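Asker: Using my numbering, the first residue of the sequence shown is number 0, and each one after it goes up by one.
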Amino acid sequence: VILIPATDQPCDAKVAVLKDYIEPQAHFFSPEVPPSLWSSEKLKGQWNIAQLKQWLSERFKIRLVCHTPIQAERLKDLLRDQGVKGLHPEIGKLSNGFGLPEEGLIILTEEEIFGHKTFRRASAVRKETPQYVFGELSTGDYMVHEEHGICRYKGLQHLKIGPTLGDYLHLEFLGGDKLYLPIYRLNVMQKYVGGNSKPPLDSLRGTRWKKVKARARREVFKIAAELLKIHAQRELHSGIAYPPPDTLDEEFASHFPYDETPDQAQAIADVFRNMQEPRPMDRLICGDVGYGKTEVAMRAAFKAVSAGRQAALLVPTTILALQHFETFLERFDKLAISVEMLSRFATARQQQETLERLTAGRLDIVIGTHRLLREDVKFKDLGLLIVDEEQRFGVRHKERIKKLRPTVDVLTLSATPIPRTLHMSLIGLRDLSMIHTPPADRISVRTFLSKWEDPLIQHAVTQELARSGQVFFVHNRVATIPSIARRLKDLFPDARIATAHGQMKERELEKVMIDFLHQKIDILLTTTIIESGIDVPNANTMLINRADTFGLAQLYQLRGRVGRSDRQAYCYLLIPDEETITAEARRRLEVLTRYTELGSGFQIASHDLEIRGSGNLLGTSQAGFIEEIGYELYTKLLARTIRKLKGEEIEEEVEPEIQINVPAFIPEGYVSDVNLRMGLYKRMSHLNSGKEIAAMAAELKDRFGALPGPVENLLEIIRIKLEAASRGLRSLKARSLEEARNLLRKG
0 VILIPATDQP CDAKVAVLKD YIEPQAHFFS PEVPPSLWSS EKLKGQWNIA QLKQWLSERF
60 KIRLVCHTPI QAERLKDLLR DQGVKGLHPE IGKLSNGFGL PEEGLIILTE EEIFGHKTFR
120 RASAVRKETP QYVFGELSTG DYMVHEEHGI CRYKGLQHLK IGPTLGDYLH LEFLGGDKLY
180 LPIYRLNVMQ KYVGGNSKPP LDSLRGTRWK KVKARARREV FKIAAELLKI HAQRELHSGI
240 AYPPPDTLDE EFASHFPYDE TPDQAQAIAD VFRNMQEPRP MDRLICGDVG YGKTEVAMRA
300 AFKAVSAGRQ AALLVPTTIL ALQHFETFLE RFDKLAISVE MLSRFATARQ QQETLERLTA
360 GRLDIVIGTH RLLREDVKFK DLGLLIVDEE QRFGVRHKER IKKLRPTVDV LTLSATPIPR
420 TLHMSLIGLR DLSMIHTPPA DRISVRTFLS KWEDPLIQHA VTQELARSGQ VFFVHNRVAT
480 IPSIARRLKD LFPDARIATA HGQMKERELE KVMIDFLHQK IDILLTTTII ESGIDVPNAN
540 TMLINRADTF GLAQLYQLRG RVGRSDRQAY CYLLIPDEET ITAEARRRLE VLTRYTELGS
600 GFQIASHDLE IRGSGNLLGT SQAGFIEEIG YELYTKLLAR TIRKLKGEEI EEEVEPEIQI
660 NVPAFIPEGY VSDVNLRMGL YKRMSHLNSG KEIAAMAAEL KDRFGALPGP VENLLEIIRI
720 KLEAASRGLR SLKARSLEEA RNLLRKG
């Protein structure tokens, strides 16, 4: 027990009184303590294990305090590995450790042990990012019917067609042809995602769709065969089998200034598992910028280097190279691991020195642009290649990357969201780790819609600059940027304002972006050139002028430039008078202001990203076929073709037409929200077994109460449909459910 003398002084003074009891600095840990916990020459060490053992031998009582259970477990493992027994880290909050020699007591915090750490409280986020929400269909949206082609959704209608009373999708085809699709057959429908905002409708009577599907199948077959060939070649090559994670990896992990998110921890485990295998790793880490992909890459780089290999990080731009270089330098600062950058920022002499060190094996990690792909770059023993945003490299560069791939481990990082359907289709061909979870304490961006008003702009910018932050001001017309710059200068005469756009000379643009990154600029007046690329955590206010002229995906990407720290970020969508913008533009802006929560990227329909992502993953651009048949059908065909080429038995898909004289639907009084009903209908249509049907029934009871008769009938019709499909039946008509069951029993 530590006694603090009674005093009328404020709390800080009590702490000072307590400090009087503390021994001089000799009893404190310090980053400068030279003896190392680790024997490896690769690590300088952070604390003095000899001193700790000496205190224990002198019978001091030592208490270890960690902020989180994760760190406590790490510390326990490290102590056990070093033969230190009898110490059990506790969970608590102390800013510093201290010693009371007269009491024989020494208290240490993890700051003394692991170095400085930053802790963030967890915030509520989405547990999973869905591909899209099927229920959020609006009248007029384009859809894909697998048998009939592209159509337009006209609404959900409650009808009696033939003997069956139920809910039907009203679909409109070319020439005004109508199709009413029973909701138990929603599994043949997908929302159209394909890049074409107005795809041509198909005819119920024409043959165009059959020809398009046949052509797509042929192309998908070629792609699948190519993928399987690449996969087989990877299996034949012998790579480097690294040992399992050890004490060195644990210590490197302990210096990460945050606790890993669950997705991040899983990605790290996936990478280590791959690196232990003899075949070369080829894993894609996918997650938004700032979600922790770089830390996964640094863990892999540390693993490779600590085993005596070299690691290379390839990035598409010099600005990204600089950002990664600074991040790696900071992370590897305490270690005897050399990190250099190879890009235009280095002089010719510096580049030559870097190349010589690489060839001689005196350089552990090199970070660079496509300069790394030149013939004069020779590694002594390259073990790991990390590629950031591979899709942004040209064809020639990609060919050079492919030549490096066969024998080294490859880790690709991408901020492009990849839907689950594509993930499933590529299982076994390219390993994929998804990081959906944003970092703890990441706060969603507050989004406002307003017309241009000087007082509003002054408030937004002044508020950000007052907290030493920075501002993006997006104006997408290069011709009028000078006039906007003058206007901003009038509003903010003391602010440092700079301009960035694609028509500037490359070196000039790079200098502006780097100055902004290094906080030498307060307001960056820019076009959409900042849509993807640099990460500026200090910039947390964005104003987008004439937001009504931007696409939804573009607005989402732009807004993603802010809100990358634990500060509240703001995005102001500036428009002319609301009456002057189109209804479509108003709807886009409303969607963006409605979906501000973390992880809502897929919900706001970033179609162009999905197309680009798929082409990149496959190593070929297939956007044309996706545009013709829709994204989801494309990936479904690809998945089936891959399974077929692997020799798996693929059953022919049969979609029986079921007509039974019973009401089968979800009553509005049971689930009132039409979007929620649509989502449930979509899920029901994909049920594939009696077990899944029973689980769905249990979920409905739990969420909405006892099942009404029409819902029970609907689930039973789905059960009958599955049985009919397994028997190869094309249709089944019955006056009752009992009659339908009897017909199936008779075969």
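C-beta atoms are modelled at their ideal positions from N, C-alpha and C, and glycine is treated no differently. Remember, predicted model here, so these are calculated numbers, not experimental data.
1) By how many angstroms is the C-alpha of LYS681 removed from the C-alpha of TYR571?
2) Here's a check: name, in chain order, each residue in its chain whose Cβ is nearer than 7 Å to the Cβ of LEU748, leaving out the five neighbours to either side.
3) What is the C-beta distance between GLY367 and LYS379, in whole angstroms, given that I count them as a contact (C-beta under 8 Å)?
4) Within the chosen definition, does the stretch 254 to 270 reach the stretch 291 to 302 through at least 3 CB pairs nearer than 8 Å?
5) Considering only the beta carbon of each residue, do ILE641 and LEU226 sit closer than 8 Å?
6) Check whether the stretch 171 to 187 and the stretch 688 to 695 touch, using three or more Cβ-Cβ pairs below 8 Å as the test.
7) Count the other CB atoms within 10 Å of the CB of HIS323; is the residue buried (16 or more) or exposed (fewer)?
8) With respect to the beta strand (DSSP E) encompassing ASP387, which residues constitute its N-terminal and C-terminal limits?
9) Any contact between the stretch 433 to 453 and the stretch 261 to 272? By contact I mean 3 or more CB pairs, one from each, below 8 Å.
10) Rounding to the nearest angstrom, what Cα-Cα distance links LEU158 and ASN537 in this structure?
11) To the nearest angstrom, how far is it from the Cα of GLU505 to the Cα of THR525?
12) Please state whether DSSP places THR498 in a helix, a strand or coil.
13) Please report the distance separating the alpha-carbon of PHE28 from that of GLU89.
14) According to the Cβ coordinates, are LEU644 and ILE665 closer than 8 Å?
15) Assuming GLU234 and ARG278 make a contact with CB atoms under 8 Å, what is their CB distance in whole Å?
16) Rank ARG726, GLY727, LYS720, SER725 by C-alpha distance to the C-alpha of ALA733 and give the top, closest one.
17) To test your reading of the DSSP string, which unbroken beta strand (DSSP E) runs of 3 or more residues are found completely within the stretch 137 to 178?
18) Give the secondary structure of THR411 by DSSP, where H, G and I count as helix, E and B as strand, and everything else as coil.
19) Give the single residue among LEU636, PRO655, HIS474 whose Cα lies nearest to the Cα of ILE649.
20) Is the shortest distance between the beta-carbon of ASP258 and the beta-carbons of chain C less than 8 Å?
21) Give the DSSP-derived three-state secondary structure of LEU573 in the structure shown.
22) Tell whether a beta-carbon distance below 8 Å holds between GLU171 and LEU632.
23) What residues in its chain sit with their C-beta under 6 Å from that of ILE229, if we drop five residues either side in the sequence?
24) From the DSSP output, read off the bridge partner residues of LYS732.
25) If we ignore side chains and look at the alpha-carbon of each, how far apart do LEU104 and GLU57 end up?
26) Using a Cβ-Cβ cutoff of less than 8 Å, which residues in the same chain neighbour ARG729 once the five nearest sequence positions on both sides are dropped?
27) Cα separation between ASN475 and TRP208?
28) Let me confirm a value: THR634 is counted as buried when at least 16 other C-beta atoms fall within 10 Å, else exposed. Which label applies?
29) According to DSSP, SER432 sits in a beta bridge with which residue or residues?
30) Identify whether THR368 lies in helix, strand or coil by the three-state DSSP scheme.
31) Pull up the distance between the alpha-carbon of ILE400 and that of ILE385, whole angstroms please.
Answerer: Let's see:
1) Roughly 36 Å between the two C-alpha positions.
2) Residue 748 falls outside the range modelled here, since the chain spans only 0 to 746, and no answer is possible.
3) Their Cβ separation, rounded to whole angstroms, is 16 Å, which puts GLY367 and LYS379 out of contact at 8 Å.
4) Result yes; three or more Cβ-Cβ pairs closer than 8 Å.
5) Yes, they are a contact pair.
6) Too few Cβ pairs lie closer than 8 Å, so no.
7) HIS323 should be labelled buried.
8) Start and end: 381 to 387.
9) Taking a cut-off of 8 Å on C-beta distances, the stretch 433 to 453 touches the stretch 261 to 272, as three or more cross pairs fall below it.
10) Near 56 Å, if we compare the C-alpha coordinates of ASN537 and LEU158.
11) So the alpha carbons of these two residues sit roughly 15 Å apart.
12) Look at THR498 here: in three-state DSSP terms it is strand.
13) Its pLDDT being 35, under 50, PHE28 is placed unreliably in this model, and the value from its coordinates should be taken loosely. Approximately 19 Å, taken between the alpha carbons.
14) A distance of 8 Å or more separates the beta carbons of LEU644 and ILE665.
15) Going by Cβ atoms, the distance from GLU234 to ARG278 rounds to 6 Å, so yes, they are a contact pair.
16) A check of alpha carbon separations from ALA733 across ARG726, GLY727, LYS720, SER725 identifies LYS720 as the nearest.
17) Listed in chain order, the beta strand (DSSP E) runs fully inside the stretch 137 to 178 are 141 to 144, 148 to 160, 163 to 171, counting runs of at least 3 residues.
18) When DSSP states are grouped into helix, strand and coil, THR411 belongs to the strand group.
19) Among LEU636, PRO655, HIS474, the Cα nearest to that of ILE649 belongs to LEU636.
20) Judged by its chain identifiers, the structure shown contains no chain C, having just a single protein chain.
21) Shown here, LEU573 sits in a strand according to DSSP, grouped into three states.
22) By the CB criterion at 8 Å, GLU171 and LEU632 fall outside the cutoff.
23) Short of 6 Å from the beta carbon of ILE229, and not among the five residues preceding or following it, lies no beta carbon of its own chain.
24) LYS732 is bridged by DSSP to GLN658.
25) Their Cα atoms are separated by approximately 11 Å.
26) Closer than 8 Å at Cβ, skipping near neighbours: VAL653, PRO655, GLU656.
27) In this structure, the alpha-carbon of ASN475 lies about 39 Å from that of TRP208.
28) By the neighbour-count rule (16 or more Cβ atoms within 10 Å), THR634 is buried.
29) SER432 is bridged to ILE284.
30) Residue state, collapsed to three classes: coil.
31) Near 10 Å, if we compare the C-alpha coordinates of ILE385 and ILE400.
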